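Student: A single structure is presented below for examination.
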RNA sequence: GCGGAUGUGGCGGAAUUGGUAUACGCGCAUGGCUUAGGACCAUGUGGGCAUGUCCCGUGGAGGUUCGAGUCCUCUCAUCCGCACCA
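In our numbering, the protein residues as written are 212 to 1014.
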């Protein structure tokens, strides 16, 4: 049997698709739109990864399926090209990042076209293109006008290896997400984006999204909203007050001391002269960069300030301590410690012999609870509140304090504002001018884009200054609002900037009047299906939602959520069960696979290897199965096309319609693996039939098309068609035929299968029972027993319950 | 510690959502194609023995049900987030 030649037909059809511009989305077509997006790649020097192929094949299958279902499909791609890897490689190679980016993009584009992805290449965008980043800068300035972009001098996460500041989201386990170096804290002037302003909206919006639950949970936890109270403690001997945040006002009577963070502004003031040396030493120690303690294993430490706080209800004097287990970055940087009911406070109190006052007992067990006791219960030792439940006490105690002006309700978030400046070269320049007289002046819109200047040497300085600071002719500029000379902002934007709005640009990628065309937005937005990796669950996917919400608030985009439906891909693991990496030598290069078995077989394999969202290890010998499947498809059509009959085999017809239903539903639900297995089952049956109708062969080819588009086009041509099948109608199934099909029903005795019956659907229970009792094997198991009950699920199952 | 998943043949996995467990594919075995085969085709392939349309079987132990891979309780293992967040 001659097997087919993927090389020849794949390039033939790829060329034809491109020449005919067949995947161009029409802004005019009256058909209903579908916007199918995948996360555009970072064009690294390593080329396309089999993980990319999995994501892009899935979105391609969906796009091709929907085109055949009659939708006007927008399926674009582009390049998320700013960022450190390119810059680092360019430095090493001694070339310009822009040159390297162009090379990488060319390779990626070629690789993606070689996979047969049905992108609308007219809409390709590149975040490093000045025509693109002009609008990234423009959006930044809108955010500046809205008060969402601001400068701050704060300690931020600094990567000593990448020599730049990082956002909170980029620090994993205290290490730089990029290079794994231990992150340090470094106080610097920063540009920040006020994402916290949208914390509640970002939280609420999650409710309406069709996203994987784990991604929603991740974002929910990252935002980390907690409701509680800010309570003021007086400071003995002064008129000052110390504010603490707590989610447990019910434990107020159990507060036996107060702790402030070493970075708390009142530390010096609170420290009495005798304690000054000890406190100063402790604070200095706490400032050292190695303060991160991932597992909380470090023993608690702290030092007494010598001063006392006044308990707001009992007026007791309780000691104020300094300890680094209280973080300045959360709440007010000070807590009331309730050792009886908090593990951390308990450990601290034990170590320093501080008093422990129990104020909650478990509701049921009257006796002692082991401390610290975190659970629910009844209040004790709290004058005026004893006997209340925890929830009641929370409300009542807070109410009492509120009346006295000593507390207010408060909400805290774990989410921090987004550190938005980087001290590196290869990013969008932040379009701001600093004038001695006028202060911070935005670059006027007419002067955008602020182009990244060409530099011979653009290595990071490591001083906290961007390398751009050395380009004097670029830095020194006339102030837009006064006649003086001023200086440009030299920090650049983080890698995430360009990807925080790119789905908006695709709807009108060449529009020059604004960041995007309002009419095109009305036509195409929002994104209907978004496909990508879950490693961006709290990075890109959170930033993107934030920008969309900010732009929506400014009246610039119609919706306040960008992606209605999101599907996260599972990793493609190396054949050895380890993550693919160059150092392990287990990386599979898609180019090699294409040479060996063809792009169609690779597409089919990656869709078939397991559930789309599951991480599955690569298996080279399994790919053969996908190729064999295509070979058999080829042989089937090639040998049967000429002598196809008009008559329909009854069994084939029924199975064909069942398969159409199954493949349609599976494809829509991202269950690509079962869609393909359905086609395989059909093939197994159909292969052995001497006669097949042309209609059947055509339906099979059409169903194959989204998964293996090249071979499908070629077979379609062999079936006598001259036009591409890209816009051919997806086969439909006959509901009536399926409903009439005979059913095979198991006959059980006491839940164990003892026989099978075949009959037309809808026959009566009596009839089924009669025929079931006639089966010898059933009779054997009924003999000498009493039938106490008969369970009949129409057309599904019959079960005799006997004694 | 908190949160979220996931455990089914030698392997990847399927199971109409409580109704015939192991579809489909890989691998393996036997045979064929009368040289070979990392090609192709056919058949077989969860375990057990008394080889019967018999018994057992979806990480483990209980439970609910006529009926459980699916629901409940406990438990073990693995993976992924977050992590001194008051």
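Ideal placement from N, C-alpha and C gives every residue a C-beta, glycine not left out.
Nothing here was measured: the structure is a model prediction, and the numbers come from that model.
1) Buried or exposed: residue 425, going by 16 or more other Cβ atoms within 10 Å of its Cβ?
2) For the alpha helix (DSSP H) containing residue 729, name the first residue and the last one.
3) Let's test the definition: count the other Cβ atoms within 10 Å of the Cβ of residue 938 and tell me whether it reaches 16, buried, or not, exposed.
4) Using DSSP with H/G/I as helix, E/B as strand and the rest coil, what is residue 404?
5) Going straight from the alpha carbon of residue 479 to that of residue 533, what length do you get?
6) Less than 7 Å between C-beta atoms, sequence neighbours within five positions excluded: which residues of the same chain meet that for residue 243?
7) Counting only runs of 4+ residues fully inside the region 451–531, write out the alpha helix (DSSP H) ranges in chain order.
8) Which class does residue 440 belong to by DSSP, given the choice of helix, strand or coil?
9) Go ahead and label residue 971 buried or exposed: buried means 16 or more other beta carbons lie within 10 angstroms of its beta carbon, across all protein chains shown.
10) By how many angstroms is the C-alpha of residue 886 removed from the C-alpha of residue 408?
11) Applying the criterion that 16 or more other CB atoms from any shown protein chain within 10 Å of the CB defines a buried residue, is residue 608 buried or exposed?
12) Can the beta-carbon of residue 713 be found less than 8 Å from the beta-carbon of residue 338?
13) Using C-beta distances below 8 Å, list every residue in its chain close to residue 301, excluding the 5 sequence neighbours before and after it, in chain order.
14) What residue does the alpha helix (DSSP H) around residue 263 start on, and which one ends it?
15) Beta-carbon within less than 7 Å of residue 507's beta-carbon, same chain only, minus the 5 sequence neighbours each way: which residues are those?
16) Return the chain-ordered list of same chain residues with a C-beta closer than 6 Å to the C-beta of residue 531, the five sequence neighbours on each side being excluded.
17) For residue 351, tell me which candidate among 956, 757, 676 has the shortest Cα-Cα distance.
18) Check whether the region 906–920 and the region 855–872 touch, using three or more Cβ-Cβ pairs below 8 Å as the test.
19) On the CB-based measure, 16 or more other CB atoms within 10 Å of its CB, does residue 270 come out buried or exposed?
20) Skipping 5 residues on each side, what residues in its chain have a beta carbon closer than 6 Å to that of residue 784?
21) With a Cβ-Cβ cutoff of 8 Å, do residue 249 and residue 266 count as a contact?
22) Since residue 345 is in the alpha helix (DSSP H), which residue starts that stretch and which ends it?
23) So residue 599 and residue 551 are in contact, right, with Cβ under 8 Å, and what is the actual spacing, rounded?
24) Nearest to residue 514 by CA position, among 559, 528, 546, 984, is which residue?
25) Do residue 679 and residue 688 have their beta-carbon atoms positioned less than 8 Å apart in this structure?
26) Give the DSSP-derived three-state secondary structure of residue 774 in the structure shown.
27) Are the beta-carbon atoms belonging to residue 220 and residue 925 less than 8 Å from one another?
28) Given a threshold of 16 other Cβ atoms within 10 Å of its Cβ, counted over all protein chains shown, does residue 526 qualify as buried or as exposed?
29) Please report how far the alpha carbon of residue 354 lies from the alpha carbon of residue 653, in whole angstroms.
30) For residue 505 and residue 658, what's the separation of their Cα atoms in angstroms?
31) Since I believe residue 644 is in contact with residue 690 (beta carbons under 8 Å), could you give me their beta-carbon distance rounded to a whole number of angstroms?
32) Would you say residue 420 and residue 772 are within 8 Å of each other, going by their C-beta atoms?
33) Quick one: any contact between the region 355–362 and the region 396–403, if contact means 3 or more CB pairs under 8 Å?
34) Using a threshold of 8 Å, state whether the C-beta atoms of residue 944 and residue 884 are closer than that.
35) One question on the structure: do residue 900 and residue 863 come within less than 8 Å of each other, judged by their Cβ atoms?
36) With a cut-off of 8 Å, do at least 3 Cβ pairs link the region 327–334 to the region 732–749?
Tutor: So, from the listed chains and residues:
1) So residue 425 ends up on the exposed side.
2) Per DSSP, residue 729 belongs to the alpha helix (DSSP H) from 729–735.
3) Residue 938 counts as exposed, since fewer than 16 other C-beta atoms from the protein chains shown sit within 10 angstroms of its C-beta.
4) Strand.
5) Their backbone Cα atoms lie some 11 Å apart in a straight line.
6) Counting only Cβ-Cβ distances below 7 Å, and skipping sequence neighbours, we find 282, 283.
7) DSSP runs (the alpha helix (DSSP H)) wholly in the region 451–531: 478–481, 487–498.
8) When DSSP states are grouped into helix, strand and coil, residue 440 belongs to the strand group.
9) Exposed.
10) Each residue's alpha carbon lies about 44 Å from the other.
11) Of the other Cβ atoms in all chains shown, 16 or more fall within 10 Å of the Cβ of residue 608; this residue is therefore buried.
12) Yes. Within cutoff.
13) The answer, listed in chain order, is 307, 308, 310, 311, 637.
14) Its alpha helix (DSSP H) spans residues 261–279.
15) Unreliable positioning characterises residue 507 in this predicted model, as indicated by a pLDDT of 47, which lies under 50. The coordinate reading is nonetheless provided below. A distance below 7 Å between beta-carbons, with the five flanking residues on each side excluded, links residue 507 to no residue of its chain.
16) Here the set comprises 469, 481, 516, 518, 520.
17) If we check each option's Cα against that of residue 351, 757 comes out closest.
18) With a cut-off of 8 Å, the region 855–872 and the region 906–920 count as touching, because enough Cβ pairs lie within range.
19) The residue in question, residue 270, is buried, as its Cβ has 16 or more Cβ neighbours within 10 Å.
20) The residues are 826, 828.
21) Between residue 249 and residue 266, the gap from beta carbon to beta carbon is short of 8 Å.
22) Membership of residue 345 in the alpha helix (DSSP H) is indicated by the continuous run 341–356.
23) 17 Å between Cβ atoms; not a contact.
24) For residue 514, the closest C-alpha among the options 559, 528, 546, 984 is that of 559.
25) The criterion of a C-beta distance shorter than 8 Å is not satisfied by residue 688 and residue 679.
26) Strand, per DSSP.
27) Going by beta carbons, residue 220 and residue 925 fall inside the 8 Å limit.
28) Burial call: exposed.
29) If you take the alpha carbons of residue 354 and residue 653, they lie about 11 Å apart.
30) Confidence at residue 505 is low in this model, with a pLDDT of 44, below 50, so the placement of that residue should be treated as unreliable; the coordinate-derived value is given next. Each residue's alpha carbon lies about 46 Å from the other.
31) Confirmed, Cβ separation roughly 6 Å.
32) Note that the C-beta distance between residue 420 and residue 772 is below 8 Å.
33) In the pairwise beta carbon analysis, the region 355–362 is classified as touching the region 396–403: at least three pairs are separated by under 8 Å.
34) When the beta-carbon positions are compared, residue 944 and residue 884 stay at least 8 Å from each other.
35) The answer is yes: Cβ separation under 8 Å.
36) Verdict: no, contact absent.
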